[in-house]
Amino acid sequence: MILQALKEYYDRKADLGLIAQDGWIKGGIDFLVDIDLDGNINNIHDLREMQGKKFVSRTFDLPNIGKQALKHSNSGKDANLLWDNAAFVFGLGDKGNIRLKSMIEAIDKWLKATDDPGVVAVRRLLEEGLENRNHFDAALNHSEYGELFKEGNVKLSFRVNATGFNTVFQSPAVAEALRSEVEQEKNLGTCLLTGDMNVAIETTHPVTKGVWGAQSSGACIVSFNKDAFNSYGKSQSLNAPVSRVAVSQYGKALNTLLDSPGQRIQVGDASTVFWSEKKSAFESDFSYFFKEPEKDDPDAGTEKIKALYESVKSGTYLEDDGDDRFYILGLAPNAARIAIRFWKVGTISEFAFHIKQYFD
12 MILQALKEYY
22 DRKADLGLIA
32 QDGWIKGGID
42 FLVDIDLDGN
52 INNIHDLREM
62 QGKKFVSRTF
72 DLPNIGKQAL
82 KHSNSGKDAN
92 LLWDNAAFVF
102 GLGDKGNIRL
112 KSMIEAIDKW
122 LKATDDPGVV
132 AVRRLLEEGL
142 ENRNHFDAAL
152 NHSEYGELFK
162 EGNVKLSFRV
172 NATGFNTVFQ
182 SPAVAEALRS
192 EVEQEKNLGT
202 CLLTGDMNVA
212 IETTHPVTKG
222 VWGAQSSGAC
232 IVSFNKDAFN
242 SYGKSQSLNA
252 PVSRVAVSQY
262 GKALNTLLDS
272 PGQRIQVGDA
282 STVFWSEKKS
292 AFESDFSYFF
302 KEPEKDDPDA
312 GTEKIKALYE
322 SVKSGTYLED
332 DGDDRFYILG
342 LAPNAARIAI
352 RFWKVGTISE
362 FAFHIKQYFD
């Protein structure tokens, strides 16, 4: 029920273009490495913007080929496709060669069928750098950004001006290749969420970020980590099959909610998110009923509560969207995972009535 409701929220937001489509994920890129068709570095473009006292990455829809889009393992073998942190892009650290090879292997696996000139140029850059790290000198010895790159944390992607695209991953050839690769998935089955049959089944579920007290790099609400959870010769989440598409969608929905100040509140140690099955005023107002007054608008919460009282009396919620379902999900840290602390489902009018009772 929880995953189904999250997937429905994804569908609602995707219809409005407010969440990344299947195979993609919204994420930040700090710098673009400008290369020529032969894979030589021409320039570095800083995409960051200063907000307050810190730099903020520019947001893109990025290729999403697995959990590494949110959290890397310690293996160094899980590079992202055509973007990643500087440690992977330039092969830095003790596992530098492993990381750099992983960047190349991701291209070979997901884009082997394309001769897109931008993709070919990136592969040449990485291959040359694997053979001789001096090939990256224009970036690693850059007068302004070199030391920052050597720290390995900033996120990078690539631009090839000759192709006409702002980034290499924005080429239509990349999107088409991603779709084709997913269709060739070997683990096929029936999705428990959608009922779709003969679809690619995801073996590991995505990490969730933003839960107070959990690992900052993210943790899972669905995981199979012991042999006791396996049966009939099936391993990992093949025991409870959910399609790769549905897994990606519910994961994006939950991370979007946790990243939305207007749709999350903290209840004790539980990071709490809430949403309605359709867009509603109640969804927008809900956080005002419980959170501290805003400094720049201290009366906002009072006004929302007043409006709630009036709506319950007048039946506004019942008439407008009172029968729409409303969901509240509480998440709490649990070692390397995330525990479901509570899950509440009801109609908007039911929740409105109970909140009024609370204030009474």
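Quick note on this note's numbering: the sequence shown kicks off at 12 and runs consecutively. C-beta: ideal position from N, C-alpha, C; glycine also.
- Within the region 124-162, the complete alpha helix (DSSP H) segments at least 4 residues long are 128-142, 148-151, 157-162, listed from N- to C-terminus.
- With contacts defined by Cβ atoms closer than 8 Å, Y261 and Y21 form a contacting pair.
- For the options P344, R275, A124, D41, the alpha carbon positioned closest to that of A184 is the one of A124.
- For the region 251-302, the full-length alpha helix (DSSP H) segments reaching 4 residues or more read 255-269, 292-296 along the chain.
- Under the three-state reduction of DSSP, L93 is assigned to coil, being neither helix nor strand.
- Close CB contacts of P252 within its chain, under the 7 Å cut and outside five residues either way in sequence, are with G200, T201, C202, L203, I212 (chain order).
- A contact between stretches requires three or more CB pairs, one per stretch, nearer than 8 Å, and the region 161-170 meets this requirement with the region 93-101.
- By the Cβ neighbour-count rule, M114 is buried, with 16 or more other Cβ atoms within 10 Å of its own.
- Counting C-beta pairs with one atom in each stretch, the region 285-296 and the region 44-56 have fewer than three that are closer than 8 Å, which means they do not touch.
- For the pair of segments examined, the region 212-221 was found to touch the region 262-275: the number of CB pairs separated by less than 8 Å reaches three.
- Its chain contains W121, L122, A124, T125 as the residues whose beta carbon lies nearer than 7 Å to that of A188, once the 5 sequence neighbours on both sides are disregarded; these appear in chain order.
- For V133 against L93, the beta-carbon gap comes to about 6 Å, under 8 Å, which counts as contact.
- Every unbroken stretch of the alpha helix (DSSP H) spanning 4 or more residues and falling wholly within the region 37-119 is given here in chain order: 97-100.
- When the five nearest sequence neighbours on each side are left out, the beta carbons in the same chain lying within less than 7 Å of the beta carbon of I109 are those of G87, K88, in order along the chain.
- The three-state reading of DSSP puts T201 in coil, since its state is none of H, G, I, E or B.
- With a cutoff of 8 Å on beta-carbon distance, K37 and P217 are scored as not near each other.
- Sorting F362, A363, G279, T358 by C-alpha distance to the C-alpha of P344 places G279 at the top.
- H83 counts as buried, since at least 16 other C-beta atoms from the protein chains shown sit within 10 angstroms of its C-beta.
- CA-CA distance, F147 to Q32, rounds to 33 Å.
- Per DSSP, L249 lies in no alpha helix (DSSP H) and is assigned neither H nor E.
- For P344, the beta-bridge partners assigned by DSSP are I349.
- Residue pairing of W121 in beta bridges, as defined by DSSP: absent, with no partner found.
- Under the three-state reduction of DSSP, I212 is assigned to strand.
- The shortest CA-to-CA distance from G357 to any of R348, D334, Y369, L136 is the one to D334.
- Nearest to V130 by alpha-carbon distance, out of G140, D119, E139, is D119.
- Taking the CA atoms as reference points, L43 sits about 20 Å from I76.
- In the structure shown, A225 adopts coil according to DSSP, grouped into three states.
- For the options V256, V233, V179, the alpha carbon positioned closest to that of Q247 is the one of V233.
- DSSP places K24 in the uninterrupted alpha helix (DSSP H) bounded by 13-26.
- Its chain contains A97, A150, L151 as the residues whose beta carbon lies nearer than 6 Å to that of F160, once the 5 sequence neighbours on both sides are disregarded; these appear in chain order.
- Residue state for T178 is assigned as coil, using DSSP reduced to three classes.
- For D105, there are no CB contacts under 8 Å within the same chain when 5 residues up- and downstream are skipped.
- F169: member of the beta strand (DSSP E) spanning 166-170, first to last residue.
- Pairing K24 with A257 gives a Cβ-Cβ distance that is not under 8 Å.
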